[in-house]
Amino acid sequence: EAQVTQNPRYLITVTGKKLTVTCSQNMNHEYMSWYRQDPGLGLRQIYYSMNVEVTDKGDVPEGYKVSRKEKRNFPLILESPSPNQTSLYFCASSLGGFAKNIQYFGAGTRLSVL
Amino acid sequence: QKEVEQNSGPLSVPEGAIASLNCTYSDRGSQSFFWYRQYSGKSPELIMFIYSNGDKEDGRFTAQLNKASQYVSLLIRDSQPSDSATYLCAVRGATNKLIFGTGTLLAVQP
């Protein structure tokens, strides 16, 4: 089954404790992206990757890191989480970052930083 | 002006009625337009996409695009309570970046 898999689905942590949210897709997609979703602000892009070893900042990259060492994986790293990073996070992938390509979303990770 | 604007709602319609969801965008170079449905706490799910001016129909859903007016809409015919969700409009602009609106909450009353 074609899918984007995120783990964990729920995470409660404390300020400053490094964490990683994993994202994996099995569709051989080149393009992957991370979003956060907050009430009233919609989906905002954090980072995206056009291909292996190619990553770039989205609209709200501060406090986040990513890497793309393999085509299928695109982990999101919070080196020192803060309460303002409490949010619902989605990983997405598409065949490429081109006009007609459709993005498919993972199930989401709900993060609470205390 | 936001790049992609939607009325946050809630839009309340009776079961069996037509729900009309609207979206405007600011980038005239936008090339492709998507409607996603999102149930509370779940991930966005693609409903429709449209690239050319006019209407595109898929079952009970019709997407309408008017590039001159920078307007895209989604019509849901014979609305069902299971259609109650937030509908996200997404626009891929001239830079190929996908921009989402904040969504319209649709409530279908039985």
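Chains as they are written, first to last, in the numbering used here: chain A, 530 to 643; chain B, 1095 to 1204.
C-beta: ideal position from N, C-alpha, C; glycine also.
Partners in chain A for S1137/B, counting only beta-carbon separations shorter than 7 Å:
Position 43 of the second sequence, counting from 1, holds the residue named residue 1137/B. Within chain A, the residues near S1137/B are F619, F634, G635, A636 and G637.
In terms of alpha-carbon separation, which member of F1194/B, C1183/B, A1179/B and L1200/B lies closest to G1135/B?
Position 41 of the second sequence holds residue 1135/B. Nearest option by C-alpha distance: A1179/B.
Using CA coordinates, which residue listed in Y539/A, K547/A, P537/A and Y618/A is at the minimum distance from Y576/A?
Within the first sequence, residue 576/A is the residue found at index 47, counting from 1. That would be Y618/A, whose Cα lies nearest to the Cα of Y576/A.
Could you name the residues of the region 540 to 560 of chain A whose beta carbon sits closer than 7 Å to any beta carbon of chain B, in the order they occur along the chain?
none
Does any CB atom of chain B fall closer than 8 Å to the CB of G592/A?
For the purposes of this step, residue 592/A is identified with residue 63 of the first sequence, where counting begins at 1. No, no contact with chain B.
Distance, I1141/B Cα to P1204/B Cα
Here residue 1204/B refers to the residue found at position 110 of the second sequence. Here residue 1141/B refers to the residue found at position 47 of the second sequence. Answer to the nearest angstrom: the Cα atoms are 22 Å apart.
If you run the structure through DSSP and keep just helix, strand and coil, what is Q614/A?
For the purposes of this step, residue 614/A is identified with residue 85 of the first sequence, where counting begins at 1. Residue state, collapsed to three classes: helix.
Closer than 9 Å by beta-carbon distance: list the chain A residues that pair up with F1127/B, in chain order.
Stepping through the second sequence from its first residue, residue 1127/B is reached at position 33. Within chain A, no C-beta atom comes nearer than 9 Å to that of F1127/B; the closest sits roughly 10 Å away.
Answer yes or no: do L1169/B and T1189/B have a C-beta to C-beta separation smaller than 8 Å?
Walking along the second sequence from the start, residue 1169/B turns up at place 75. Walking along the second sequence from the start, residue 1189/B turns up at place 95. The answer is no: Cβ separation not under 8 Å.
Proximal residues of chain B, C-beta to C-beta of I631/A below 8 Å:
The residue you call residue 631/A lines up with position 102 of the first sequence. Chain B residues near I631/A: F1128, L1140 and F1143.
Tell me which residues of the region 1192 to 1204 of chain B have at least one Cβ-Cβ distance to chain A shorter than 8 Å, keeping chain order.
L1192, F1194, G1195, T1196 and G1197
Starting from F1143/B, trace the beta strand (DSSP E) both ways and give me its first and last residue.
Mapped onto the second sequence, residue 1143/B falls at position 49. Here the beta strand (DSSP E) through F1143/B covers E1139 to I1144.
What's the gap between the Cα of T544/A and the Cα of I606/A?
Locating residue 544/A in the first sequence gives position 15, where the first residue counts as 1. Locating residue 606/A in the first sequence gives position 77, where the first residue counts as 1. Each residue's Cα considered, the two are about 14 Å apart.
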